[in-house]
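Asks: Once you've had a glance at the structure underneath, I'll fire off some questions.
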Amino acid sequence: MGLFGKLFKGPEIDMEKSSANARKMRDLFNQAVPGGDRYQLIFGYTEDVSRFNYLLVHGSKTKIGNLIVGWEEESQTIAVVPTVPDLSGRGEATYYRRSDILKAYRNKYPNDAFIIYPDKKSYIGINAYDWLDDEKLYVYVSQPEELAAFTDFFMNRFAKK
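Numbered per this note's numbering, the sequence shown finishes at 210, counting up by one with no gaps.
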């Protein structure tokens, strides 16, 4: 690796911390979702915190809501559980079943988000990345394979306009 690679290499991912957080996410998700082990999981966040009783678990005025997002292939269901960046608490699960939603699609502008309209009055935008630096706002977890699997599920089995 040349000097350029050393200078501009991204921050190191702490895989031990990431794995510990993935286990905490699984525990919280399974507490909120009956049969939660059937679901694959990613961390996501939303700027639309109004649809969750987020102050219950967050206790701050931030507009960012941390989410544990699970999806289950057979039933084509997404279950979303709000949580906090240190994974010390959670809210209740909200379910999105493909057959029950008005539309779902991936929005590339202004940000790359998975958008679900369960009805004509509301929507949720789920943002998901491999991992994010600010641990005061986001759960620290590396998830490139999981994110690729969720993207495939969402785009090829769930999304509809």
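Quick reminder that beta carbons are idealized off the backbone N, C-alpha and C, glycines included.
From a predicted model like this one, the values you see are computed outputs, not experimental measurements.
For the alpha helix (DSSP H) that F199 lies in, which residues bound it at each end?
Replies: Element bounds for F199: P193 to F202.
Asks: Less than 8 Å between C-beta atoms, sequence neighbours within five positions excluded: which residues of the same chain meet that for A71?
Replies: Contacts found: L90, V190 and Q192.
Asks: Fully enclosed by the region 127–207, which beta strand (DSSP E) runs are 3 residues long or longer?
Replies: As far as the region 127–207 is concerned, its whole beta strand (DSSP E) runs of at least 3 residues are 143–146, 152–156, 162–166 and 173–176.
Asks: How is E121 classed by DSSP in three states: helix, strand or coil?
Replies: Strand.
Asks: What is the rounded straight-line gap between the Cα of N168 and the Cα of G93?
Replies: Residue identity check: residue 168 is Asp in the sequence provided, not Asn. One C-alpha to the other measures close to 21 Å.
Asks: For R139, count neighbouring C-beta atoms within 10 Å of its own C-beta (all shown protein chains included) and say buried if the count is 16 or more, exposed if not.
Replies: Buried.
Asks: What did DSSP end up calling G84 once you bin it into helix, strand or coil?
Replies: Here G84 sits in coil by DSSP.
Asks: Have a look at F78, D86, P134 and Q125 and flag the residue whose alpha-carbon is nearest the alpha-carbon of D183.
Replies: Comparing Cα-Cα distances from D183 to each of F78, D86, P134 and Q125, the minimum goes to P134.
Asks: Tell me whether G85 is buried or exposed, calling it buried when 16 or more other Cβ atoms sit within 10 Å of its Cβ.
Replies: The residue in question, G85, is buried, as its Cβ has 16 or more Cβ neighbours within 10 Å.
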